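Heads up: the protein sequence lines correspond to chains S and F, in order. Counting in this note's numbering, the final residue of the first sequence is number 122, and the numbers go up one at a time with none missing. Counting in this note's numbering, the final residue of the second sequence is number 479, and the numbers go up one at a time with none missing. Quick reminder that beta carbons are idealized off the backbone N, C-alpha and C, glycines included. In this text, all values refer to a predicted model and were calculated from it rather than measured experimentally.
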Amino acid sequence: GAGVSQSPRYKVAKRGQDVALRCDPISGHVSLFWYQQALGQGPEFLTYFQNEAQLDKSGLPSDRFFAERPEGSVSTLKIQRTQQEDSAVYLCASSQFSGGASYNEQFFGPGTRLTVL
Amino acid sequence: SQQGEEDPQALSIQEGENATMNCSYKTSINNLQWYRQNSGRGLVHLILIRSNEREKHSGRLRVTLDTSKKSSSLLITASRAADTASYFCATDGVTGRRALTFGSGTRLQVQP
Chain S
6 GAGVSQSPRY
16 KVAKRGQDVA
26 LRCDPISGHV
36 SLFWYQQALG
46 QGPEFLTYFQ
56 NEAQLDKSGL
66 PSDRFFAERP
76 EGSVSTLKIQ
86 RTQQEDSAVY
96 LCASSQFSGG
106 ASYNEQFFGP
116 GTRLTVL
Chain F
368 SQQGEEDPQA
378 LSIQEGENAT
388 MNCSYKTSIN
398 NLQWYRQNSG
408 RGLVHLILIR
418 SNEREKHSGR
428 LRVTLDTSKK
438 SSSLLITASR
448 AADTASYFCA
458 TDGVTGRRAL
468 TFGSGTRLQV
478 QP
C-alpha cells in the first residue's frame, strides 16, 4: 500500500513569507509526528498528533510554527514569517499506535526540503 | 537537542567488509531503533531492540544494547555498495512520550 507522502518535496521561500507543508499519513494510522532535520544532523521532534488531537507540541521552536490535523488524517505544518534558520528538511511520520502497543515503529515520508533565502 | 552521539561520524569501507556503528544515549529507554537514510530520501526502519534485550539479528544486521552503559551498536556484515547511507539510532523513552529521539548519525560509504 501507499506510504507516507509529503508535498511539496522542495520549497523555496523568501524570508518573511509564510509556508504550508502537507503530510498524508498511511491510511488508518492513529499517530502522526513532525520532525525537523538540519543538514548533517538527525531529525528533531517538533509535534505529535493522536488522531486530531495535538498531544505534544513541545518541540516547536517558536510561535511561528503551527501544525494541525483537523480530521485525524492529513496534517499541515505552517511556518509564518519564515527565517533563514528555518531552512531544513521537514519529515512527517505516522504510526499505527494503539494504547496497548509496546513499541512505536514510525513510517517516514520523503520530507520537504525548505530553503529560506 | 539530540539524545546522544553516534560514533564514528563517518565511515568508509570496501564492499564485503563489515561496518560497525555505535550509539550512546542519555536517558532510560523503552526500546532503541536503527534507521537508514539514503541521500534525499526519508528514513527507513531497520531494526528495533527492546530495553530488556541484549542482542538482535535481522539478515546482515546485528544490533547490541547495553543499558548499563546506555549504548548500542549496529553491525552490518558483508557490506554492499547499496548500504551507502546515513544510519541513525533513535530511542523511545520510558516516560511514554511517543516521539523518537535521534542521534546525530553515522555516514557510511561503501566503496565498490
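Do you know offhand how far residue i's Cα is from residue j's?
i: residue 27 of chain S; j: residue 373 of chain F; result: 31 Å
i: residue 59 of chain S; j: residue 53 of chain S; result: 6 Å
i: residue 81 of chain S; j: residue 376 of chain F; result: 33 Å
i: residue 473 of chain F; j: residue 32 of chain S; result: 32 Å
i: residue 119 of chain S; j: residue 445 of chain F; result: 37 Å
i: residue 19 of chain S; j: residue 25 of chain S; result: 14 Å
i: residue 384 of chain F; j: residue 457 of chain F; result: 25 Å
i: residue 428 of chain F; j: residue 386 of chain F; result: 10 Å
i: residue 29 of chain S; j: residue 7 of chain S; result: 10 Å
i: residue 470 of chain F; j: residue 390 of chain F; result: 7 Å
i: residue 460 of chain F; j: residue 395 of chain F; result: 6 Å
i: residue 73 of chain S; j: residue 479 of chain F; result: 45 Å
i: residue 408 of chain F; j: residue 451 of chain F; result: 13 Å
Which of the three DSSP states, helix, strand or coil, is assigned to residue i?
i: residue 89 of chain S; result: helix
i: residue 448 of chain F; result: helix
i: residue 412 of chain F; result: strand
i: residue 56 of chain S; result: coil
i: residue 8 of chain S; result: coil
i: residue 84 of chain S; result: strand
i: residue 35 of chain S; result: coil
i: residue 392 of chain F; result: coil
i: residue 24 of chain S; result: strand
i: residue 429 of chain F; result: strand
i: residue 466 of chain F; result: coil
Name the chain S residues whose beta carbon is nearer than 8 Å to that of residue i?
i: residue 399 of chain F; result: By Cβ distance, chain S contributes nothing, its closest Cβ being about 10 Å from residue 399 of chain F, past 8 Å.
Listing by chain order, which chain S residues have their CB less than 7 Å from the CB of residue i?
i: residue 409 of chain F; result: 96, 113, 114, 115, 116
Between residue i and residue j, which are expected to be in contact by the criterion C-beta below 8 Å, what is the C-beta distance as a whole number of angstroms?
i: residue 416 of chain F; j: residue 432 of chain F; result: 5 Å
i: residue 447 of chain F; j: residue 411 of chain F; result: Rounded, the Cβ-Cβ distance is 15 Å, inconsistent with contact.
i: residue 379 of chain F; j: residue 398 of chain F; result: Between residue 398 of chain F and residue 379 of chain F the Cβ distance is about 30 Å, and since that is not below 8 Å, they are no contact.
i: residue 423 of chain F; j: residue 392 of chain F; result: Actually they are not in contact, since the Cβ atoms of residue 423 of chain F and residue 392 of chain F sit about 17 Å apart, beyond 8 Å.
Interface residues of chain S around residue i at Cβ under 9 Å?
i: residue 467 of chain F; result: 38, 40, 48, 50, 98, 109, 111
i: residue 471 of chain F; result: 45, 46, 47
### Query
Given a limit of 9 Å on CB to CB distance, which residues of the segment 51-67 of chain S reach chain F?
Listed in sequence order: 51, 52, 53, 55, 60, 61, 63, 64.
### Short-range partners of chain S found in the segment 412-425 of chain F, where Cβ spacing is below 8 Å
The segment 412-425 of chain F vs chain S, Cβ under 8 Å: 412, 415, 417.
### Message
Give me the subset of the segment 69-86 of chain S whose CB atoms are less than 8 Å from a CB atom of chain F, sorted by chain position.
### Response
For the segment 69-86 of chain S, the beta-carbon criterion of a distance under 8 Å to any beta-carbon of chain F is satisfied by none of its residues.
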